[in-house]
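Read left to right, the sequence shown gives residues 303 to 481 (my numbering).
Even for Gly, the Cβ is constructed at its ideal location relative to N, Cα and C.
None of the values given here were measured: they were computed from a predicted structure.
The block underneath contains the structure these notes are about, expressed in C-alpha cells.
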Amino acid sequence: MFMDEIIKADPEFEEKQRKIVELWDACRVSLTHRSYFIQLFKGDPSDSLYLEIELRRLTYLKDSSSDATASSDSEKELVRERGMLSKHIRRKYRKQREELYKKWGIDLNTKQRSVQLANLVWTDTKDMVHVKESAALIAELLGFVEPSRNPNEGVGLCILPPFLSRRSHSWRLSLPSLF
Numbered sequence: 303m304f305m306d307e308i309i310k311a312d313p314e315f316e317e318k319q320r321k322i323v324e325l326w327d328a329c330r331v332s333l334t335h336r337s338y339f340i341q342l343f344k345g346d347p348s349d350s351l352y353l354e355i356e357l358r359r360l361t362y363l364k365d366s367s368s369d370a371t372a373s374s375d376s377e378k379e380l381v382r383e384r385g386m387l388s389k390h391i392r393r394k395y396r397k398q399r400e401e402l403y404k405k406w407g408i409d410l411n412t413k414q415r416s417v418q419l420a421n422l423v424w425t426d427t428k429d430m431v432h433v434k435e436s437a438a439l440i441a442e443l444l445g446f447v448e449p450s451r452n453p454n455e456g457v458g459l460c461i462l463p464p465f466l467s468r469r470s471h472s473w474r475l476s477l478p479s480l481f
C-alpha cells in the first residue's frame, strides 16, 4: 500500500491534519515547523500520537494566548521568515526559478518574484494540496528532506537509539569517555 493510499484511507488523520493546519494559521506558527511536520507525518498509523500531541498543544496555545503583543510578534516573525525564504529561493533555484514561478502562477515579467513566491506559500490553508506543495517547497529550500531518516527521530520522541553494529563501531567502545 502506498503512502497516498494510507492518507486517503484514514479520514480521522485527514480531519486532525486539517484542524492542525487551521490552528497553525490562527496561532501564526512558523512556516518551517508547519512544513517539517507535514513532511514527517503522512498518515502512518503510528503518526496518530504525534498528531494528537500537536493538536492539544495548539489548542492550548490558542486558548491561552489572547495577548495582542504576542500576536504582533508572531506576525513579525512570519514576515521575517518569508524574507528568509525569499533569499533561499534566489540562492537555491538559480536554474529552476522560472519553472518554479510558472508553477506558482507568478508572471516572469514582474519584479521581486522570489518575494511574491515566499508570500504565496501557506496562504490557502483550506486547500490541502496547496498546504502539501508549500511544505514540499520549504522542505526543499531549507534542505530538510531526508527520506532515509526515521521521522520520529526528527521530532525528538524516539525512545530507542539507532542500531549500531558492534563490528563497524567497535573502535568507539575502546575510546575513553571524554565526558
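Local conformation of residue i per DSSP, three classes
i    : result
W326 : helix
I408 : coil
T361 : helix
S367 : coil
K321 : helix
F446 : coil
V431 : helix
Q414 : coil
D349 : helix
T334 : helix
F343 : coil
D426 : coil
D375 : helix
R393 : helix
Other residues of its chain near residue i: CB distance less than 8 Å, five sequence neighbours each side excluded
i    : result
T361 : L325
I408 : R415, Q418, L419, L422
S332 : E379, L380, E383
Q398 : none
Cβ-based neighbour list, residue i, same chain, cut-off 6 Å, excluding 5 preceding and 5 following
i    : result
D349 : F343
I322 : E356, L357
H432 : D426
Close Cβ partners of residue i (< 7 Å) along its chain, the five nearest in sequence each way excluded
i    : result
D312 : G345
K318 : L353, L357
A328 : K364
Contact belief for residue i with residue j at Cβ below 8 Å, rounded distance in angstroms
i    : j    : result
L444 : I391 : Not quite, the Cβ-Cβ distance comes to about 11 Å (not below 8 Å), so this is no contact.
E400 : L410 : 6 Å
M430 : R359 : At roughly 21 Å, the Cβ-Cβ gap does not stay under 8 Å, so M430 and R359 are not in contact.
The ligand HEM heavy atom lying under 7 Å from the CB of residue i
i    : result
E442 : The ligand HEM is not among the ligands present in this structure, which contains no ligands whatsoever.
Taking 8 Å as the threshold, find out whether the segment 335-353 comes into contact with the segment 430-438 through three or more Cβ pairs.
yes
Pairing CB atoms from the segment 350-357 with CB atoms from the segment 371-386, are three or more of them under 8 Å?
Output reads no: the segment 371-386 does not touch the segment 350-357.
State whether the segment 381-392 contacts the segment 413-422, with contact taken as three or more CB pairs (one from each stretch) at a distance under 8 Å.
yes
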